[in-house]
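Under my numbering, the final residue of the sequence shown carries the number 978; numbering is consecutive throughout.
Just so it is clear, CB atoms sit at the ideal spot from N, CA and C, and this is done for glycine as well.
Accompanying notes for the structure given below.
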Amino acid sequence: MPYRLVPDTISHDTVECLEVLLEGAKAGEITGIAFACTMRKMRYITNTAGSCYKNPTFARGMVASLSDELALLVHRRGPQETR
């Protein structure tokens with residue numbers, strides 16, 4: 896039987912990030928979250944919880960800051976890279 900490669904479908908950096916956030920939340924350091932996450936088949940989820948839900952104006956400012964950071968990533972890419 897020939898070998899075939901099985902693609903690694905787990906994003907290990909995503910898992911690590913979520914574990915760090917979970918520890919911060921359990922320690923009481925993280926009091927709210929506003930997030931967007933991608934799923935398989937180009938689906939996504941957006942939501943808020945905790946203090947971000949209670950103070951949506953502050954959460955919108957945080958998300959705007961994230962948007963600025965993402966824009967910088969897009970503009971730093973070379974002309975041949977996917978944007």
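Residues Ala931, Cys932, Thr933 of the same chain have their beta carbon placed closer than 8 angstroms to that of Tyr939, with the five preceding and five following residues left out of the count. By the neighbour-count criterion, in which a residue is buried when 16 or more other Cβ atoms sit within 10 angstroms of its Cβ, Cys947 is buried. In the three-state DSSP reduction, Tyr939 falls in the strand class (E or B). In the three-state scheme derived from DSSP, where H, G and I count as helix and E and B as strand, Gly923 is classed as coil.
Counted as a single uninterrupted DSSP element, the alpha helix (DSSP H) harbouring Arg971 occupies residues 951 to 971. Annotation for Gly919: Ile925 place their beta carbon closer than 7 angstroms to its own, counting only its chain and skipping 5 residues before and after. Around the beta carbon of Ala954, 16 or more other beta carbons sit within 10 angstroms, so the residue counts as buried.
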